[in-house]
Structure formats: C-alpha cells, structure tokens
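To start, the structure itself, in structure tokens.
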C-alpha cells in the first residue's frame, strides 16, 4: 500500500520521526534499529524501544559510519527476541539480505524499513560540515525530487555513493520513497498492507511514475561514473596487479572488520595458519632476496575476494575506513561485477537466490576440466 | 632463453581419480616432464583458493587441479563444487590483472594414466610458452 | 602434539625401480638437511621386514615422532608403514609418504632432474609431516555377505567359498544361465575331462546352496557405500532389488576376439571356424565339411592375441593348450587326416601341459612355425598363404578346415561397472589389480575383488585359484566383523564457527549440522567421509579436514615452490 507522510514546515526529519514513533506506539514493532544523532553530533545506529527517544533519530542523515546490516544481524539472529524494525539504506539492506543467506541475520519478525539513499559522507567530513554549520539537510532532500543529487560545496560523497547505481530501495517491508518526491510536501511511503492496517494509515497516491523516472536518471548518471572508475581501476590492475594497487596496505584488516559481508568470527588471516615462524620469513627473504612485510598482503586481498566478492554489495565501507586511502571498494566492486556476472548473481536481490558457491548444477561449465 | 626455462607446476590431485591416474602413468611407465610436483588431497572439492593462490604468489608458474570426471566423484559432488570454485577463482584472477591460464582444472580418471601424462606435458609446454610467472621476481607481494 | 617434531626420513631404492633413475643417496643426504629431520637413510626395500625394522629401531633410538617414507605410491604401501610405526608405538597418522616411484622414477628418465624432483617431493612431505597430528582409529560394523558379479566358473567358485563360510551371497548373472564361457566348451586340457562332468555339479551346488541368492538375467545397476557396507542395486526381469553386503567380487569374464576384425583370415568362408565353434563340433563328434570328412585340418594360433594391430599385444594364455587339445582330439577322430598347427611360439606352462603337447605331436599333429597373411577360396577348399618363419619361405597351404584360435579380450560391456565402482582398468581393458604380484585380486576400491578373466586371460585352474583367493579376501572384512573407517574426518572449532551453515549445504552426507542452541556447526564423525568439502566452504577454517589441514597443505606448497 502506498501513502504519504505529511511534512510540516519543511521538516522532513520530524515527519519521518513521527512515522517511526507510530510504528512503536502502534505496536508494529517492539524496538527500532536506526541511526541516532549523538550529543556530539555524529550518527550511530541504536536499538530504540522508547518512542520518546526517537527525537534523536536521524534516519536521513547523509553519513555512513557503519553498514548497519552487521548490527541488524546481531540483534536479529537468534530467538527469543522481540519484533524489530530496522531502518536501512539500500546498500545496508542488500547486505542484510546476504547476511540472512549466511545465517548471520534473520528476517523472522523483522520489519525492514528501507530509505532511498541520496548519498552519504564519510564521518569526518560529516562532523566537520556540521561543526561549520554546513550540510543543510533540507537542501539535500530538495535535490531528491529531480535527482540532481549533489554534495555540499567543498565536500564529496563517499566514493561508493558516487558510483552507486542501486541507491533506491528495491524491496523492503516499508519503503521511504525519497527519490522523485517533493519532500517538502510529504514523504511517499509504500508498505505491506498489514502494517498499514496496524498503523491505521489510509492509502494516498504519490507520484510513482516520477520516482521511477528519477531513479532511472540517477542510476544512469552513477553508472557512468562507475564505468569510468571501473575502467581506470581495471587498467591499473592490469598494469600493477593487486599487489601494486594495494602496495600501501598495512594489513590492518579494517576493510574486513567493517565489511558487512565478512562475517567470520576470526579471519583466517588472523589465525595460526598465517602466523609464521621467524625462520619462515627468513626463508622467504632468502628465496626472493626481499620479502614484503606484513606478509601475505596480496594473498589476504585475493582470498578475501574469493570468500566474499560474490556477495559484495558495494557499500564501500572498506574504502571509507582504509587508513592508507586505498580504493578497496572500487577494486572489489570492479572485480565483483565480473564474477557476479559469470554466476548471474545479484547480491542483495533476494534471499531466495542461493549463494553461488554452495550450490551447483551438473550441466554447467561443461567445457571446464575437459580442454 | 625460453628453452632454459623449466616451469614449476604444483598439482593438487584427488586421491581417487587423478592421483591414481598419475600412479597408473607410473605403473605404465608413461614418460612426462618432471616439472609437476604433486600434492595429494582427498577430493578436488577440497582445493581451497589459498592453496592455488599461495603458490602462484610465491612464484610457482602454474597450478594444476585434477579431479574425477563429472559424475564420478568419490564423494558424489566434490568435483562439481570444485568446478564452481575454480570458475570463480579464475575470473577473480583475470579481473585482478593476473594470467588465469596458469591455473588448470582437469578431469582425469584412475584409468587415464595416459591422459595425466599428456596433461602434464601440455601444461608444461603451455607454461613454457608463457614464460616465468611474473610474481617470481616480485618481492612486494 | 606439543613436542617438537623429530622426523625420520627413509628413501627406498625399490630394488632398482627408484634407484635406477633417482640418486637415492643424494636424496637421503638432502633430506638430512631439512628442518626437523633427525635421521635420514636410504635402503634397498623399505617395505621388506628389515626395511620396516629399520624404521622401528630408529623410532626407538632417535625418539622419532614422525616418519616419512619416500618410495612407491601411498596407495600401495601406506598401510604397511603405518602398521610398522604403530607396532613401534607411534600413531599411524604421523607417517607420511613421498611418491618417488610412480610419480617420479617411473615417469622420468633424466637422472639429474628426476633426483631434483624427488628432493622437492621429499621436502614437501617432510614439511607436511612436521604439521601432522595423531588421529584416532575408528571402526564400523560390517554387513555380512558378498555380491558376486558373474556366474561363470570364477563367480560360482567364489560364491561357493563365501557361502560355505556361512555368509549370504548374492550371485548376479547377466545371462539366463550359469556356467559362463566354460559351459560352451567340450573337454578341458590337459586331462580331457568332459566339461559337463566339471560344471554340472558346480551349477547344481550353487543353485541349491541355502546361502546363495541367484539373480539370473540381472545386472548390477548401482553401487553405493564402501568396504564393509555396500548397497548394491540389482536390476533384473523381476525388477529392482537393493542388497546390502560387506564386499563385492567381480567375475565378469571375457569376450572372445571377433575374427571378422581380421578379414584376411576369411572367417566368412564356411570352412573357416573359430576354436569355440570347434568345441561344439568336437562335442557333436561332427567334423564334416561340405558333407565330407576333411583330409586336412589346420589350426592358426594367436588370432587376436599378441597382435598390436588389433590392439591386443598380450598373450591370451589358453590358446596354445586348447589348440593342442583340439588338434589331438581331431587326430583321434580322423587318424589319417593331416592335422597342422601354425604357431608363433608354443607356450605350454601349467601342470601336464608340456607333456600333453608332446603327446599330441607324437600322435602326428604337425607344428609349423608360420604366419598366415591371407586365406582365400579354391574350390571347396581354402588356401592359406603365408610364410614359414623358421625356413624363411613363403607357402600356400590348401586345407579343408581352418580353426582360428581366437584369444580373449576384456568385455565390451564392463565400462558401466567400471564407472559405477570406480574400478580402474589397465591399458588392455581388463580390470586392474592393485598390485601385479602382491595384491593380484585386490583393486583400487577397498572391498572389491577380482576373480577370473575379467582381470586378464587365464585358464580354468588359474581362474578357480583366483576365485578362491578373491573369496578369501572378500571374507576378511566379513569374518572380522568391523572395518576401519575414515579417521581423517572434518572437525569444527566451535570458538571460530560463525554458524553460517555453508558446511551443511555442501556436505553430501549430512555430517555437519548447526547446533540449535549455540548456532555453531557440529560434525557427526560417523557420517563424515573425509572429503573436505565443508572445510573448503568454511572461510575462517573453523572446520579443518584432519590430515589435510591448511597448515599442512600450505607447508607442502611452500616447500614445493621454494
């Protein structure tokens, strides 16, 4: 069912807060997992049970410090728990779908509330912007109507957002359809009928056609950026290999830690398998004359590619949190695109699509092994 | 120059088919180049991406994975899973700027000693043609 | 195992099988320099008692906790060396083998490079050995009973022995009768005993034995399981039935060479017949050609045997003797006829065989060493055109009746069985025994044994001997009642497991399951067959396949690439 949340005084955030409060008050969910503004001005996910505290809810804040799919998994994975509503951006929702398949999250009694993404800043940029009194939310939200999404002067959206061709929510229990909407007038929402019934909300017609148009336009612009960047990184990979592109990697494992898909409790590369004896390093040094340390850096990235790139949803947290400013997300997305295409796998599309490496058909790739 | 280059090829062979096929090549005294060094695994489905990547990054010139023919896996379907993994691995290698043709997956049955010898010969020649794995010279890996 | 690895390395000469191509002393010297190696030796035959004794003494003397034997394939002698180590108090899973015979000395001729490769292989296995852990040996109960495939003399002899030992036998025969090829013969050599006297009682016993279930017009269509517990699907005219047994005996026999594949021998002429057709004529006592008694009967040996052109380079082993028998019988019936045997070599091994051959010649059977290049028709007779290879002279030999001594071939219809059981075949197409001398009835598949001509041409005594050997071997697991099962199973480190369940998805045996309470994987060791699919699917390696852990494999890789 579609409806529109009325907006007063151009305060979209308050309107959305009000809607979310009703989800709690109408007992649709017992708690909401959503971005909250902290007293120091940054934004973090929190599991909120008290509607009164939702005044700090900031689900539209254009910042991504953490892909909340990870924490959505934590709060949902095992029963018993209450009914939870999770407010997620598109890339977070896609990650959640993958985590469900990896049994790191559960959709049982989980209400997914998707918010079209207009672009996000890295945390330091966002904090700086706010300190300088910049980053007018209303101005950003105003760009949603025509899709001319652009960052604050002097700042840039995160790399992942600039090339994100899936900013819109594709499937959720509740969708805040920001793209294409005149948000000053109201926030179009689509939701399951039973939720609407519980909320006592009546249908109201938004202009769906406009959303599709704007989404198309945004996707087109982003795809263009993406393809240019892909071409550039592919050329660099061709010339330098992963070891060249990631030459400055310090193997801090931040990319793995913040990756919503990397669900291992302890990464193989932090395990004793890759904890070598001093003599081993000496052997390697003697074998090649010199040996880069930390060891196994390229192996780490190539193995991580093998382990998770089919499920990479392109949220770009790896790039955001890389202390060496390496284009981790770009590399993973560029490679991921090719591998995902081979397996005709679209990460985050549906919990029904089986993970490619746990399934097989007898009559596929018949030529492999036979040449 | 090309003649003096002797590739190092690491082979992961499943115990039941390819490894036994390699044994049969021996029992039948079928000659092949000594460039291949075999590691016995129980199943091609247990070949981990790290097992393939590690030797390549350390300078092995090629990696051969040998398993049972489709339908013949001793463990029912290990080779089908291996096939998917190898497809993914090779695609990743290719798109990451490496030569994925240094990794070969071949089905070799326990009775195909001849095919094993032929495969090793072909692979040795193909890798000789390519020249040394560029990773051999690189220390910053 | 916490104590520092102390590895003993043993390089086997295998007589000259390895040492002819690999400088074993040099490999042993090299091995001595490898990390954790305490003692390194080379020896003539490591698998011999003194060879095994050497290992056992060193375990004691040097306090070894790992043993590496570089010799033949582990598929051959791993149990031997594991047993030797075990007797000396070492866990058998702390033994590792480097295959420097089948995968090195036998396939390379350049001594320097073969030696070099042997060193790498040893280094790789030594590196793995340092990472080994002891494993517990486990056993499961055996399903009593055997399936015997093939109801010829081999299958019947084997079935009777297993059944007489008190175990159920399921005898599966493709045709509508028992007896196989033997039932098509007239008399045996060299005793000239009528086959009917031999096979009649045998069939009778099989048919009436309470422990034998007979499936005629039936075939094995699926086999699952392993030694001790096979599930065999038998499909016949009465439908499908699954039987459960502990061992399987293959006695599928042979095909006769089809002489039409040698058109120059004129098999299309009525007076050119095969030795099998001759058996029937001798049985009927009717040798007439075109209604007349033949004056000349000529036998041609090695038809389809020792013949590279038709792809059968081997000797069929029975043709010399059955030809001598048939020629002798012809001479008995037609004392005045000229009976000539054209041969390449006469091979008369076996008890009483040479004596029989002498008698046949004494009776007047003529033996002429010669090759026939063509047989053509002249009136009612045929002419054999060829060369006397002793005299080096061509001949044209007119004769009334030609008998082609056709050889044996592997059956054309055994590929399915071969695939189903994963039974390797040798280059000649016959099933491959595990070892030509020491394990002639065993196969690469544990619990599956070979009897009779499916393994290669042989005469009746050899067939029955092998059948009885196969029966004895097939009885071992049945009598023992338990068989060892895979010790190298997969294990979960619950602290590392994130509970993604991919192991559950990829396991074909249902061995892993997610613990409902903790959400972590747990592997049922009884169901685990040790394939490692789960360990590969597990990105954090919370699951390890024991004996093939990432530490062990990567250590091998490192040593090989080095």
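Chains as they are written, first to last, in my numbering: chain S, 1 to 371; chain W, 372 to 512; chain P, 513 to 1074.
Here a beta-carbon is modelled for each residue, glycine too, at the ideal position from N, C-alpha and C.
Practice task
Let me know the alpha helix (DSSP H) ranges lying completely inside the segment 948-1010 of chain P, each 4 residues or longer, listed in chain order.
Solution key: 972-992
Exercise for the section: Quickly, what does DSSP pair residue 751/P with across the bridge? List them, please. Expected result: In the third chain, the residue the question calls residue 751/P occupies position 239. DSSP lists 748/P as partners of residue 751/P.
Handout entry: Pairwise C-alpha distance: residue 393/W and residue 400/W
Key = The residue you call residue 400/W lines up with position 29 of the second chain. The residue you call residue 393/W lines up with position 22 of the second chain. Computed Cα separation, rounded: 10 Å.
Problem - Residues near residue 353/S in its chain [Cβ-Cβ closer than 6 Å; skip 5 each side] - result: In the first chain, residue 353/S corresponds to position 353, counting from 1. Cβ neighbours of residue 353/S beyond the five flanking positions: none.
Problem - Residues of the segment 312-333 of chain S with Cβ closer than 7 Å to any Cβ of chain P, in chain order - result: none
Practice task
May I ask which residues mark the beginning and end of the beta strand (DSSP E) holding residue 408/W?
Solution key: For the purposes of this step, residue 408/W is taken as residue 37 along the second chain, with counting starting at 1. Note, residue 408/W: beta strand (DSSP E), 407-412.
Practice task
Measuring only between beta-carbons, confirm whether residue 74/S sits less than 9 Å from chain P.
Solution key: Numbered from its first residue, the first chain carries residue 74/S at position 74. For residue 74/S, the answer is no, since every Cβ of chain P falls outside 9 Å of its Cβ.
Problem - Nearest candidate by alpha-carbon position, reference residue 502/P, set 553/P, 780/P, 655/P - result: This structure cannot settle anything about residue 502/P, because the visible part of chain P is limited to 513 through 1074.
Problem - Through-space distance from residue 457/W to residue 345/S, alpha-carbon basis - result: By one-based count along the first chain, residue 345/S stands at place 345. By one-based count along the second chain, residue 457/W stands at place 86. If I take the Cα positions, the gap works out to 16 Å.
Practice task
Look at residue 211/S and residue 181/S and say whether their C-beta atoms are less than 9 Å apart.
Solution key: Within the first chain, numbered from 1, the residue matching residue 211/S stands at position 211. Within the first chain, numbered from 1, the residue matching residue 181/S stands at position 181. The answer is yes: Cβ separation under 9 Å.
Problem - Boundaries of the alpha helix (DSSP H) in which residue 352/S is found, first to last residue - result: Stepping through the first chain from its first residue, residue 352/S is reached at position 352. Here residue 352/S belongs to no alpha helix (DSSP H), and DSSP marks it neither H nor E.
Exercise for the section: Quick one: grab the DSSP three-state call for residue 524/P. Expected result: To locate residue 524/P, count along the third chain from 1; it is residue 12. Three-state DSSP puts residue 524/P in a strand.
Exercise for the section: May I ask you to report which of helix, strand or coil DSSP gives residue 513/P? Expected result: Reading the third chain from its first residue, position 1 is the one you call residue 513/P. In this predicted model, residue 513/P has a pLDDT of only 46, less than 50, meaning its place in the structure is not dependable; the value taken from the coordinates is given anyway. Of the three classes helix, strand and coil, the one that applies to residue 513/P here is coil, per DSSP.
Handout entry: For residue 767/P and residue 924/P, the rounded distance between their alpha carbons
Key = On the third chain, position 412 is the one that residue 924/P refers to. On the third chain, position 255 is the one that residue 767/P refers to. Taking the straight line from one Cα to the other gives about 7 Å.
Practice task
Write down the C-beta distance between residue 1052/P and residue 264/S rounded to the nearest angstrom, noting that I regard them as a contact closer than 8 Å.
Solution key: The residue you call residue 1052/P lines up with position 540 of the third chain. The residue you call residue 264/S lines up with position 264 of the first chain. About 4 Å separates the two Cβ atoms, so the contact holds.
Exercise for the section: To the nearest angstrom, report how far apart residue 1059/P and residue 736/P are at their CA atoms. Expected result: Residue mapping note: residue 1059/P aligns to position 547 of the third chain, counting from 1. Residue mapping note: residue 736/P aligns to position 224 of the third chain, counting from 1. So the two alpha carbons sit approximately 25 Å from each other.
Exercise for the section: Within the same chain, show all residues whose beta-carbon is closer than 7 Å to that of residue 1049/P, passing over the 5 residues directly before and after it, in chain order. Expected result: Against the third chain, residue 1049/P aligns to sequence position 537. 1014, 1015, 1018, listed in sequence order.
Practice task
Answer with yes or no whether the minimum CB distance from residue 1077/P to chain S is below 9 Å.
Solution key: Because chain P here runs from 513 to 1074, residue 1077/P falls outside it and cannot be looked at.
Practice task
Would you mind sorting residue 67/S into buried or exposed? The rule is 16 or more other CB atoms within 10 Å of its CB.
Solution key: On the first chain, residue 67/S is found 67 positions in, with the first residue counted as 1. Counting Cβ neighbours within 10 Å, residue 67/S comes out buried, since at least 16 surround it.
Problem - Cβ of residue 298/S within 9 Å of any chain P Cβ - result: Stepping through the first chain from its first residue, residue 298/S is reached at position 298. Closer than 9 Å: no.
Problem - Whole-angstrom distance between residue 659/P and residue 867/P, CA atom to CA atom - result: Taking the third chain and counting its residues from 1, one reaches residue 867/P at position 355. Taking the third chain and counting its residues from 1, one reaches residue 659/P at position 147. The alpha-carbon atoms of residue 867/P and residue 659/P are separated by roughly 39 Å.
Exercise for the section: Consider the Cβ of residue 970/P: report whether some Cβ of chain S lies at a distance smaller than 9 Å. Expected result: By one-based count along the third chain, residue 970/P stands at place 458. Judged by the 9 Å Cβ criterion, residue 970/P is not in contact with chain S.
Practice task
Could you pull out every residue in the same chain whose Cβ sits closer than 7 Å to the Cβ of residue 614/P, ignoring the five residues on either side in sequence?
Solution key: Stepping through the third chain from its first residue, residue 614/P is reached at position 102. Correct list, in chain order: 584, 585.
Exercise for the section: Select from 324/S, 80/S, 84/S, 42/S the residue whose C-alpha is nearest the C-alpha of residue 48/S. Expected result: Here residue 48/S is taken as the residue at index 48 of the first chain, counted from 1. Of the listed residues, the one whose Cα sits closest to residue 48/S is 84/S.
Practice task
Please confirm whether residue 933/P and residue 915/P have their CB atoms less than 9 Å apart.
Solution key: Counted from its first residue, the third chain places residue 933/P at position 421. Counted from its first residue, the third chain places residue 915/P at position 403. Contact: no.
Exercise for the section: Could you please give me the residues that DSSP links to residue 786/P through a beta bridge? Expected result: Working through the third chain from its first residue, we reach residue 786/P at position 274. According to DSSP, which records beta bridges pairwise, residue 786/P is partnered with 916/P.
Practice task
Return the chain-ordered list of same chain residues with a C-beta closer than 6 Å to the C-beta of residue 373/W, the five sequence neighbours on each side being excluded.
Solution key: Your numbering for residue 373/W matches position 2 in the second chain. Only weak support is given to the placement of residue 373/W: the predicted model assigns it a pLDDT of 46, under 50, and the value that follows is read from those uncertain coordinates. None.
Exercise for the section: Output yes if chain S places a C-beta closer than 9 Å to the C-beta of residue 513/P; else output no. Expected result: The residue you call residue 513/P lines up with position 1 of the third chain. Low confidence applies here, because residue 513/P scores a pLDDT of 46, under 50, leaving its location unreliable and the question unanswered by this model.
Practice task
Using a Cβ-Cβ cut-off of 9 Å, state whether residue 939/P counts as contacting chain W.
Solution key: Here residue 939/P is taken as the residue at index 427 of the third chain, counted from 1. Answer yes: the Cβ-Cβ gap between residue 939/P and chain W drops below 9 Å somewhere.
Handout entry: Cβ neighbours of residue 477/W in the same chain (closer than 6 Å, five flanking residues each side left out)
Key = Numbered from its first residue, the second chain carries residue 477/W at position 106. So the list reads 437, 490, once near-sequence residues are dropped.
Handout entry: Start-to-end residues for the beta strand (DSSP E) that takes in residue 653/P
Key = Residue mapping note: residue 653/P aligns to position 141 of the third chain, counting from 1. Residues 650-653.
Handout entry: Nearest neighbour of residue 404/W, chosen from 391/W, 471/W, 450/W, 498/W [CA to CA]
Key = Within the second chain, residue 404/W is the residue found at index 33, counting from 1. Residue 498/W is the option with its Cα nearest to residue 404/W.
Problem - Residue from 421/W, 382/W, 386/W whose Cα sits closest to the Cα of residue 298/S - result: Residue mapping note: residue 298/S aligns to position 298 of the first chain, counting from 1. Ranking 421/W, 382/W, 386/W by Cα distance to residue 298/S puts 421/W first.
Handout entry: Cβ neighbours of residue 807/P in the same chain (closer than 7 Å, five flanking residues each side left out)
Key = Mapped onto the third chain, residue 807/P falls at position 295. Answer for residue 807/P: 849, 850, 912, listed in chain order.
Exercise for the section: Report yes if the CB atom of residue 667/P is closer than 9 Å to the CB atom of residue 756/P, and no otherwise. Expected result: As a first step, residue 667/P is located in the third chain; it is residue number 155 there, counting from the start. As a first step, residue 756/P is located in the third chain; it is residue number 244 there, counting from the start. Not closer than 9 Å, so no.
Practice task
Given a cut-off of 9 Å, decide if residue 333/S and residue 316/S are closer than it, judged by their beta-carbon atoms.
Solution key: As a working mapping, residue 316/S is identified with position 316 in the first chain. As a working mapping, residue 333/S is identified with position 333 in the first chain. Cβ atoms of residue 316/S and residue 333/S: closer than 9 Å.
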